[in-house]
Every structure is written in structure tokens, then in C-alpha cells.
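Data block below; observations after.
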Amino acid sequence: MRDESPNSWEGRADAHSFYGFTDLPTIHDRGAVVLTHGKGPYVFDVHGRQYLDANSGLWNMVAGFDHPGLIAAAQAQYARFAGYHSFFGRMSDQTVMLSEKLIEVSPFADGKVFYTNSGSEANDTMVKMLWFMWAAEGQPQRRKILTRINAYHGVTAVSASMTGKPYNSVFGLPLPGFLHLSCPHYWRNGAEGESEAQFTARMAAELEEVIAREGADTIAGFFAEPVMGAGGVIVPSDGYFQAILPVLRRHGIPMISDEVICGFGRTGNTWGCQTFDYMPDAIISSKNLTAGFFPMGAVILGPELSARLQAASEAVEEFPHGFTASGHPVGCAIALKAIDVVMNEGLAENVRALTPRFEAGMAWLAENPNIGEWRGKGLMGALEAVQDKATKRPFPGALSVSERIANACTDQGLICRPLGQSIVLCPPFIMTEAQMDEMFGKLETALGKVFAEVA
Ligand SMILES: Cc1ncc(COP(=O)(O)O)c(C=O)c1O
């Protein structure tokens, strides 16, 4: 299948590029897909092959790969002021303007923003902020962090500890004090005969029990994605956030909405917390924040946490934390443009306009006897492969079904992501109806081919 010569792009990629989050048997068989450029929602490899990227890169290239306005914003800012930090009371004018804009478009009436280079670092920063705040307020023992099984919050030692995936055990993680509650996936985790409302009540009761067991005064905060993205596009059970928020509030536990994927339009509203109708204490943003044109993350603090952290900082004269490129002027200029493009150039509207077609396409594919469930919100969705639809029995892991489906898609010029036994789709916001039909048509062919081999 692959060009075996050491001088091929695939051979050169193997020689000196260390793969992360990559299925090595697939790489051994097929070689890396080495890309040269992108156009709209398509990317092109070194062999001139074209692929429709149904994953928007890694959820983030929502305006496509060559948006002229974003390129111009980057070029103009590089020419004007190519780099600066945000330490020692200095920061770029772009940084000031982006913070104003983020508070304006946030669900908060007021607040402050802290910048990082990634979503992982933004979660890591938020945890340090909570530890710092509680210690300054005389409760240094409040250090435990609550998240959920299947959650994905990143890869630094802290954000990987927050992530509820078994693979992190190879690093000896999670660190002590990171506790994972149940995943609110009713289709997979609902008990026999349990209604969705009962399931939701069970999730809230579990939270209450964990708080009682651990002691509310040992818990620093609770983090949740509105829809779990890398957990397999898990939409929470009906009323989930409405059930857990009062429990957290009663115990004074801050609630942080990790909107790295959901933020800026993915679920049909600017924020996932708006789609699911809850008010967090802070928001973690990244990915769409710059439409993928610059590595950047942001902690957006609502008014209460903002005031408490300000007081904590003043007590010791500073918040001793920051990254060299925090609030990078080029990143901020790009983010200002990206927010404008998503909110004012029809992209957010296109997400809402395309959602019914997306849902219809997913429902059509879910008629396949080997698709157990389709789930999603806005322009993010997953199809879960099962060997037996009635019992929801998955295929044996050794068959690598989702990996095979993704490879069969790649062969036809479609990029989509295997995740556990699911295939994840999160198309760019610029996608047209015709491109969406191309995506579903190719995926249907791939499902037919692979299920014929394994079913
Ligand atoms: C919800 C969520 N939080 C955090 C992260 C980590 O972001 P990054 O990869 O930029 O570190 C991701 C990445 O996919 C994510 O989906």
C-alpha cells in the first residue's frame, strides 16, 4: 500500500517525526498522510490527492484552510508588531481588544481573560487559579478536581489527570485528587428499565454522594465539556446540567465549562453552555477561538471568580503564572478576526442552516444494522458501530472497526476520525450542502465495505 522507499515522504515522516495519538499499525501499513496545503474544507497531500476534511483539522479549522480575511489579519499584524508577551504589566493593544471582545461575547456580564497557547494549558491554568484562590481565602485543603469518565481536557500532567480516559494510566496518571464521575451517556450507561430522567437524577445523586464522601471543603472545582468531544461526542442526558448545577452551587464548588470544542458556534450557539442553558463560573476556550490559524487558549473568568482571583493576587502582589506567548499580538489579531468571521460572516448561521441536513444524514447512516446509535448537537456528531444492534454489543476491539472505516474513507478522499468504536464528524462551518452530501456518500460506501468484511 505505502511507498516503502526511505526517501518517500512517508519514510521521511517515520524516520524523524514522533507520532502522537496515532494508530501505529495503520502507519506501518499505510504511512502518514503528508499534507501540503488546503483550500476551503479540502486538504491536499504530497501526491496531489484531495481530501474533504470532515473533522475541520482537529475540530478547529472552522473557516476552512485558506480564509483570505484570516490570512490578511495575520499578515497585517506580523507587519505591525510580530510578537510580545503579557508579563510585568505590558501587553499588546490587540490583547486588550481581544479581552474586551471575549467578555462582550461571553455569557458573563463582566469578567477577565487569561491567555495560554492551548486548551490543555488553559485547563491547567484554571486548576492553578482555583488552588491559588482557595489557598488565599484560607482553604488550602480545597484541591480536589472533579471531572467525568470519558472527558477530554488535554495532555499536560494536570489536564491529562482531568481527562477520564484509561490510556493515561501509562503515564501513572491521574495525579492524586483528580476524581472522575460517571459519564452521562444514557444510551450506553442507562440501566435496564431506567428512564432518561431517572438516569439524570442518578448522575446528580452520584455527585452529591462523592461530595459527601470526600467533603465539600476538599473540592476546588468541577469541570465539564457541554458535549464531550474526544470522548465520542457524548451529548449529556436530558436535564443533566440543570440537575448537577444546584448541587455544585449548594456546596460552593465552582463550575468550569470546557468549551474548547463547543465554543464559538459548534453546537449552534456561541457557547455550549447556551445550548444546554446553564451558567458556568468560567469558560475554557481554544481551537475555534482563532479558527485554528494560531495556537491559543483562553481562560474566561466570570465576574465572581474574576473578583476573587483579583483579591487573591493582590494579597501576594501577583498571580505568579504565564506563558512566554500568552496574549501573543498576532494570535489576538487573528482571534479578533476569527470571532468576527464566525459571528458576522454567516458561519454561525450556516451551522444552524446545515444542522437539519447533518442530522438527516446521520439518521440515514444510523439505519445501517451495524450502527447502534448516532448522536450529536449542531455540527458535531458520532456514529457508533455495534456488532449487534439489539444488545448494543460492540465489535471485538481487535477488529479495529472504526480505524478500518476511517481508512476506507481516506481511500476515497474523506478524512474522518475513529474514536473508540465510533466515527466522529465535525465539519467546518463553511461546508456547503453539496460537500455535506459528498461526506455522507463516501462514509456510506466505507461503512458498507468494512461491515461486509467484519460483520
Ligand atoms: C474539550 C477539550 N479541552 C481541552 C483540549 C486540549 O486542547 P489542546 O489540544 O489545544 O491542548 C481539547 C482538545 O481537543 C478538548 O477537546
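Counting from 1 along the sequence shown, just add 11 to a position and that's the residue number in this note's numbering. We put the beta carbon where it would ideally sit given N, CA and C, even for glycine. The model shown is predicted, which means the values in this text are computed figures rather than measured ones.
Cβ separation of residue 66 and residue 437, assumed to be a contact under 8 Å, to the nearest whole Å: Contact annotation, residue 66 with residue 437: C-beta distance approximately 6 Å; criterion of less than 8 Å satisfied.
Length of the line joining the Cα atoms of residue 142 and residue 416: The straight-line gap from Cα to Cα measures roughly 43 Å.
Within the stretch 34 to 89, ranges of the beta strand (DSSP E) (whole runs, at least 3 residues): Runs of the beta strand (DSSP E) inside the stretch 34 to 89: 46 to 50, 53 to 56 and 61 to 64.
Helix, strand or coil at residue 123 according to DSSP, with G and I counted as helix: Here residue 123 sits in strand by DSSP.
Cβ separation of residue 75 and residue 439, assumed to be a contact under 8 Å, to the nearest whole Å: Confirmed, about 6 Å.
Simplified DSSP state of residue 441, which is helix, strand or coil: Looking at residue 441 - three-state DSSP - the assignment turns out to be coil, as it is neither helix nor strand.
Test item: CB-CB of residue 197 and residue 268 under 8 Å: Pairing residue 197 with residue 268 gives a Cβ-Cβ distance that is not under 8 Å.
For residue 446, the nearest candidate out of 85, 368, 230 and 341 (CA to CA): With distances taken between Cα atoms, residue 446 lies closest to 368.
Of the listed residues 253, 279 and 221, nearest to residue 392 (C-alpha basis): With respect to the C-alpha of residue 392, the residue from 253, 279 and 221 having the closest C-alpha is 279.
Rounded straight-line distance, which links the Cα of residue 342 to that of residue 442: Using only the alpha carbons, I get a separation of about 24 Å.
Span of the beta strand (DSSP E) around residue 231: DSSP places residue 231 in the uninterrupted beta strand (DSSP E) bounded by 230 to 235.
For residue 434 and residue 410, the rounded distance between their alpha carbons: Straight through space, the alpha carbons of residue 434 and residue 410 are spaced by roughly 15 Å.
6 Å CB neighbourhood of residue 256 in its chain, flanking five on each side removed: Excluding sequence neighbours, residue 256 sits near 289.
Any non-hydrogen atom of ligand 1 closer than 7 Å to residue 297 Cβ: Yes, the Cβ of residue 297 comes within 7 Å of a heavy atom of ligand 1.
Among 46, 44, 42 and 68, nearest to residue 52 - alpha-carbon criterion: The residue with the shortest Cα to Cα distance from residue 52 is 68.
4-residue-minimum alpha helix (DSSP H) runs that sit fully inside the stretch 193 to 221, ordered along the chain: If only uninterrupted alpha helix (DSSP H) runs of at least 4 residues are considered, those enclosed by the stretch 193 to 221 are 197 to 200.
Alpha carbon of residue 159 to alpha carbon of residue 17, nearest angstrom: One C-alpha to the other measures close to 44 Å.
Spatial neighbours of residue 403 in its chain, beta-carbon cut-off 6 Å, leaving aside the 5 residues before and after: Excluding sequence neighbours, residue 403 sits near 383 and 397.
Inter-residue Cα distance where the pair is residue 134 and residue 463: Rounded to the nearest angstrom, the two C-alpha atoms are 42 Å apart.
Pair within 8 Å by beta-carbon distance, residue 238 and residue 273: Yes. Within cutoff.
Top-ranked residue by Cα proximity to residue 457, from 431, 154, 423 and 466: The shortest C-alpha to C-alpha distance from residue 457 to any of 431, 154, 423 and 466 is the one to 423.
First and last residue of the uninterrupted beta strand (DSSP E) at residue 388: Note, residue 388: beta strand (DSSP E), 382 to 388.
Alpha-carbon spacing of residue 314 relative to residue 122, whole angstroms: Cα-Cα distance, rounded: 5 Å.
Same chain, Cβ closer than 8 Å to residue 9, five either side skipped, listed in chain order: In the structure as shown, the chain starts at 12 and stops at 466, and residue 9 therefore has no counterpart that could be examined.
Cutoff 8 Å: residue 64 Cβ touching any chain B Cβ: Looking at the structure shown, chain B is missing, and only one protein chain is on hand.
CB of residue 308 within 8 Å of CB of residue 130, strictly: Taking a C-beta distance under 8 Å as the contact criterion, residue 308 and residue 130 qualify as a contact pair.
Among 57, 41 and 126, the one whose alpha carbon lies nearest that of residue 48: Closest option to residue 48, Cα to Cα, is 57.
Residue closest to residue 3, alpha-carbon to alpha-carbon, out of 185, 292 and 155: There is simply no residue 3 to check, as the chain begins at 12 and stops at 466 in what is shown.
Rounded C-alpha distance that separates residue 231 from residue 413: Going by the C-alpha atoms only, they are around 37 Å apart.
Local conformation of residue 266 per DSSP, three classes: Strand at residue 266.
Cα-Cα separation between residue 145 and residue 153, rounded to whole angstroms: So the two alpha carbons sit approximately 6 Å from each other.
Validate contact between the stretch 333 to 347 and the stretch 106 to 116 using beta carbons, cut 8 Å, 3 pairs: Yes, the stretch 333 to 347 is in contact with the stretch 106 to 116.
One or two residues paired with residue 435 in a DSSP bridge: DSSP output for residue 435 lists 393 and 428 as bridge partner(s).
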